[in-house]
Amino acid sequence: MAWIPIFLNVTGKKIFVLGSGEVARRRAKKFIKAGAEVILGSNKSLRNFNTKPLHEMEKWIKWADIVIVATPDKYLNEKATKLAKNKLVNRADDLIKGNIAIPSVFSINDIQISIFTKGKSPLMAKYLKEKIKSCINEEDVLNVELQNYARKKIKNLFNDHRERKKILYKLFNDKKIKEYLKDGNLEKAKNYVDKLLQR
Ligand SMILES: C[C@@]1(CC(=O)O)c2cc3[nH]c(cc4nc(cc5[nH]c(cc(n2)[C@H]1CCC(=O)O)[C@@](C)(CC(=O)O)[C@@H]5CCC(=O)O)C(CC(=O)O)=C4CCC(=O)O)c(CCC(=O)O)c3CC(=O)O
Ligand SMILES: NC(=O)C1=CN([C@@H]2O[C@H](COP(=O)(O)OP(=O)(O)OC[C@H]3O[C@@H](n4cnc5c(N)ncnc54)[C@H](O)[C@@H]3O)[C@@H](O)[C@H]2O)C=CC1
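Positions -9 to 189 (my numbering) are the ones given, in order, by the sequence shown.
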C-alpha cells in the first residue's frame, strides 16, 4: 500500500458523493467549502445539497472527477466503485478499496497539516491533530510570512535557485530575525530583510 500525501486544488472539480448520512454530508461540505461542484447521490433529498436519485448514479459518476463512497451499504458501495473504474475514489467505509483517503486536517493561517494513519485509527488521527497543533507557535506562523516575503523579493534579485536557497536558510537562522518574530514584530523583520538584501 503506497499512500502519498498530495494537496489537491479542488476549485471547479466535480465531486459525486454517494450517500446522505453523517459522513457523506461531512465530506460534501468539505469539498463545497473548498470550491468544488458537489452532487450527492441519494433517494433522500437534502436541504442545502444538490441531490440526485440513485437510479441516476451511473450518469453522475461518469460526470465526476472524484467519487466519494459513503454509505453503510456494502453492495451499493461496491457498485459505485466499479462504475468509477479508474477515477479517483474515496471509500469512507473501506480505505483500500479506494485510492484517496481523507485525513484529519487543521490549518493555522496558510500552514495546513494533515494526519493519516493508513486507516488504522481515525480516532488517533483526530487526537494527534490536537497534540501537533500545540507544537506550532506564533513565531512559526510569522516565519512562514517572512519567508514568503523574502522568497518573492529574491526571485527577481538572484537567478540561481541554489543561491536563493542559501539566502533563505541564512534568514531562517538569523538571530535578529528570530528575536523580531519572537516579539511578534513581522514588520521589523521585513525591514531588516530589506536592509540585508540591499547590501
Ligand atoms: C479510512 C477513512 C476514510 C477515508 O479515507 O475516507 C476512515 C474510515 C473509518 N472511520 C471510522 C470511524 C471513525 N472516524 C472518525 C473520524 C474521522 N475519520 C476520518 C478519516 C477516515 N476514516 C479515513 C482514515 C483516516 C486515517 O487513517 O487516519 C477523519 C480523519 C476525517 C473525516 O472523516 O473527515 C475524521 C476525524 C476528523 C477530525 O480530525 O476531526 C472517528 C472519530 C470521531 O468521529 O470522533 C471514528 C470512530 C472511532 C474510530 O473508529 O477510530 C470507520 C468506522 C469504523 C467502524 O465501523 O467501527 C471507518 C471505516 C473503517 O475503518 O472500516
Ligand atoms: N470516514 C469516516 O470518518 C467514517 C466512516 N464511516 C463509514 O462510513 C459509512 C457511513 O457512515 P454514516 O454516514 O455515519 O452512516 P449513517 O448511518 O449516518 O448514514 C446512512 C445514510 O446512508 C444512506 N444509505 C444507507 N443505505 C443506503 C442505500 N442502500 N442506498 C442509498 N443510500 C443509503 C442513507 O441515506 C442514510 O441516511 C459507515 O458505514 C462506515 O463504514 C463511519 C464513521 C466515520
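Cβ coordinates follow ideal geometry from the N, Cα and C atoms, glycine included.
All values derive from a computational prediction rather than experimental measurement.
- Annotation for Thr1 indicates a beta carbon at 7 Å or more from all heavy atoms of ligand 1.
- Considering only Asp84, Lys180, Lys20, the residue with the shortest C-alpha distance to Lys143 is Lys180.
- The region 118 to 127 and the region 94 to 102 touch, with no fewer than 3 CB-CB distances between them shorter than 8 Å.
- With the criterion CB distance below 6 Å from any heavy atom of ligand 2, the matching residues run Gly9, Ser10, Gly11, Glu12, Val13, Ala14, Ser32, Lys34, Leu44, Ala60, Thr61, Pro62, Asp63, Leu66, Ala82, Asp83, Pro112 along the chain.
- If you check the C-beta of Arg37 against ligand 1, you find no heavy atom less than 7 Å away.
- Burial check for Ile56: the Cβ neighbour count within 10 Å reaches 16 or more, so the residue is buried.
- Linking Met114 to Lys23 through their CA atoms gives a straight-line distance of about 25 Å.
- Per DSSP, the beta bridge partners of Glu27 are Lys4.
- The DSSP assignment places 47 to 53 as complete runs of the alpha helix (DSSP H) inside the region 22 to 68, in order along the chain (cut-off: 4 residues).
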